[in-house]
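Comments concern the structure below.
Residue numbers (the UniProt record's numbering): 1 to 594.
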């Protein structure tokens, strides 16, 4: 008779039956309200929450802290914060820190780049420092579950930086890397463990660690973990943790599956929401959608990258749908001299780490990625995102473009949208409208053709969704060149300030939500979807050299599109471009682990 094999992760983990009377007591409320916060009236609190779009649901939620010193962090935390030259906490930190420090369970819903990592890590450090020291054989006191190894690594870097002052040890465990070093870290004892569910289940089943000492649990990007099918593993892991723990759940969305998880794992929790409850894009991102055919994408990408690479801040992520497309596009671009690298799920962990470091430190400012990098990839200075392939749903679209405009900065997202994506048109129009973006009339027409009339965005900007000529006062781009009454170059004739302040004139898009000048000095050369982003050019991914006077407007400068040609001559009559000078090949990553 054959023995039954354990086929599913966690099958060998038995659910623990906890007797709270027998468990050692622990403290989790360390919050001392600062005198400035105590004096703040309820009207001032509500005014602050409204101004920051903070909504709170639940009982006994403490007042937000508006300055770092009001959080009453100990000196070993404040010393690190003061070195960052930050001004004020982000909204999720302002309301999340008092909650987490007071020992309450909480759900935080906020867009990417909102500062949520420090929202739970700094209270975790305070929590740990109030617990007894680890003894031999003890597992971590703080456990952070994350959906991807990239996010887990980034959280661990922050934990190491802020925990160093109080000599807290942390480790990151994830699949795709050798188990030996991770096991050694756990056996030596770590106060903070950041883990992906699969690898943690492996170690728990093998007895390499335990969660008996865990009193502070974080579920980061809970919606993403559920999307990836980790719910059974999460439930197995949580069964190993004492039920009187403090639990913090973080999510970008609030679907019923995440709500159910919160009901099962959290007790008497407070929910904090920053921004709209429904999925929405970061309003600091300028979103531009080009409706085109699949065959036009490569030429459009070349012209767009020529403009982007002429900018001082040019770090760019290009998202594609498949691993094969990622490899093919990376290979062709590198062959033609573009400083591009690719990343997807089939690459070894060592190669992925190497590629991300090359991108992060600017050695390769163009990263071509599948959705494996769209969540959890936290690089502060990504200025542009290009959706070469549109994703399967608007949720992934929002998380992709959320790689730019981190930490309240601004960024630009370009999207190639083809007839094959028609079923997503209505959702995309809704996302653009919510973010107060100008909407390509071709996209509106596509959404209407699909079914369900979609009204134009930015009230009063378009006089009629079906017409090709719009009113003035737009963002500094032209009207897609669809009306012969503008001009034959795809520029509006009025003077304009490219990406300047709100008092713009003559461009095709409505007033921008950017204040002040920007580095995105692009002229309004975005035509009717057949030559968008400056028109098509044959020759693959050739890099003909960038001319600031051709593509880049001076910051805040006034230009007149009528006397500023898009090309020095007709594109159809261009002489053959010289081959670009080949870049010195990048050194290849070290060999993979055996």
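Note that CB positions come from ideal geometry on N, CA and C, so glycine has one too. Please read these numbers as outputs of a predicted model, since none were measured by experiment.
Inset, instruction - Along the alpha helix (DSSP H) that carries residue 340, what are the first and last residues, could you check? - result: From DSSP, residue 340 is part of no alpha helix (DSSP H) but of the beta strand (DSSP E) over 340 to 343.
Inset, instruction - State the DSSP-derived secondary structure class of residue 362, mapped to helix, strand or coil. - result: Residue 362 falls in the coil class under three-state DSSP.
Inset, instruction - Keeping to the same chain, check which residues put their C-beta closer than 6 Å to that of residue 397; ignore five residues upstream and five downstream. - result: Cβ neighbours of residue 397 beyond the five flanking positions: 391.
Inset, instruction - Could you work out which residue in 182, 428, 322 and 418 is closest to residue 393 when comparing CA atoms only? - result: Closest by alpha carbon: 428.
Legend entry - Within 8 Å, strictly: CB atoms of residue 403 and residue 377: At a Cβ-Cβ threshold of 8 Å, residue 403 and residue 377 count as neighbours.
Inset, instruction - Go ahead and pull the three-state DSSP assignment for residue 397. - result: Look at residue 397 here: in three-state DSSP terms it is helix.
Inset, instruction - Determine the DSSP secondary structure at residue 228, reduced to helix, strand or coil. - result: Coil at residue 228, not helix or strand.
Inset, instruction - Look at residue 282 and residue 160 and say whether their C-beta atoms are less than 8 Å apart. - result: Against a cut-off of 8 Å, the Cβ pair of residue 160 and residue 282 comes out as no contact.
Legend entry - residue 263 versus residue 122 - alpha carbon distance: The C-alpha of residue 263 lies about 25 Å from the C-alpha of residue 122.
Inset, instruction - List the whole-angstrom C-beta distance separating residue 250 from residue 219, where the pair is believed to meet the contact cut-off of C-beta under 8 Å. - result: Right, their Cβ atoms sit about 7 Å apart.
Legend entry - Run of the beta strand (DSSP E) containing residue 125, from where it starts to where it stops: DSSP places residue 125 in no beta strand (DSSP E) but in the uninterrupted alpha helix (DSSP H) bounded by 116 to 129.
Legend entry - For residue 144 and residue 194, believed in contact at Cβ under 8 Å, the rounded distance: So it is a contact: roughly 4 Å between Cβ atoms.
Legend entry - Proximity winner among 356, 288 and 321, relative to residue 315 (alpha-carbon distances): The candidate whose alpha carbon is nearest that of residue 315 is 356.
Legend entry - Start and end residues, beta strand (DSSP E) containing residue 607: The structure shown has nothing for residue 607, since the chain only spans 1 to 594.
Inset, instruction - Measure the alpha-carbon distance for residue 20 versus residue 243 and round it to whole angstroms. - result: Each residue's alpha carbon lies about 8 Å from the other.
Legend entry - Straight-line Cα distance separating residue 16 from residue 226: Going by the C-alpha atoms only, they are around 23 Å apart.
Inset, instruction - Along the beta strand (DSSP E) that carries residue 411, what are the first and last residues, could you check? - result: Where residue 411 is concerned, the enclosing beta strand (DSSP E) stretches over 411 to 417.
Legend entry - residue 422 beta carbon less than 8 Å from that of residue 450: Cβ atoms of residue 450 and residue 422: closer than 8 Å.
Legend entry - Collapsed DSSP secondary structure at residue 319 in the structure displayed: In this structure, residue 319 counts as strand in the three-state DSSP scheme.
Inset, instruction - With a 10 Å radius around its C-beta and 16 neighbouring C-beta atoms as the bar for buried, classify residue 75 as buried or exposed. - result: Only exposed fits residue 75, as fewer than 16 other CB atoms lie within 10 angstroms of its CB.
Legend entry - Per DSSP, the bridge partner or partners of residue 369: DSSP lists 319 and 343 as the bridge partner or partners of residue 369.
Legend entry - Alpha-carbon spacing of residue 389 relative to residue 292, whole angstroms: Looking at the two C-alpha atoms, the distance is approximately 11 Å.
Inset, instruction - Rank 102, 318 and 407 by C-alpha distance to the C-alpha of residue 364 and give the top, closest one. - result: Checked all of 102, 318 and 407; the closest Cα to residue 364 is 318.
Legend entry - Three-way DSSP call (helix, strand, coil) for residue 111 in this model: In the structure shown, residue 111 adopts coil according to DSSP, grouped into three states.
Legend entry - Limits of the alpha helix (DSSP H) - the one that residue 217 falls within: Taken as a continuous stretch (DSSP letters only), residue 217 belongs to no alpha helix (DSSP H), being part of the beta strand (DSSP E) at 216 to 219.
Legend entry - Sequence-distant residues of the same chain with beta carbon closer than 6 Å to residue 598, five excluded per side: Absent from the model: residue 598. The displayed extent of the chain is 1 to 594, so no value can be given.
Legend entry - 8 Å Cβ shell around residue 115 - same chain, five flanking residues per side excluded: Hits under 8 Å: 89, 90, 92, 93 and 407.
Inset, instruction - Mark residue 64 as exposed unless 16 or more other C-beta atoms lie within 10 angstroms of its C-beta, in which case mark it buried. - result: Under a 10 Å Cβ-count criterion, residue 64 is classified as buried, with 16 or more other Cβ atoms of the shown protein chains found around its own Cβ.
Legend entry - Simplified DSSP assignment, three categories, for residue 142: Residue 142: strand per DSSP, three-state reduction.
Legend entry - Continuous alpha helix (DSSP H) stretch holding residue 300: start and end: From DSSP, the alpha helix (DSSP H) with residue 300 extends over 297 to 309.
Legend entry - Simplified DSSP state of residue 16, which is helix, strand or coil: Note: residue 16 maps to coil in three-state DSSP.
Legend entry - Stretch-stretch touch, CB-based, cutoff 8 Å, three pairs: the stretch 26 to 33 with the stretch 124 to 134: Result yes; three or more Cβ-Cβ pairs closer than 8 Å.
Legend entry - Cutoff 6 Å; reference residue 266; Cβ partners in own chain excluding five residues on either side: Excluding sequence positions up to five before and after residue 266, its CB lies within less than 6 Å of the CB of 105 and 247, all in the same chain and listed in chain order.
Legend entry - Which of helix, strand or coil DSSP assigns to residue 171: Residue 171 falls in the strand class under three-state DSSP.
Legend entry - Helix, strand or coil at residue 251 [DSSP, three-state]: Assignment of residue 251 by DSSP, reduced to helix, strand and coil, places it in the strand class.
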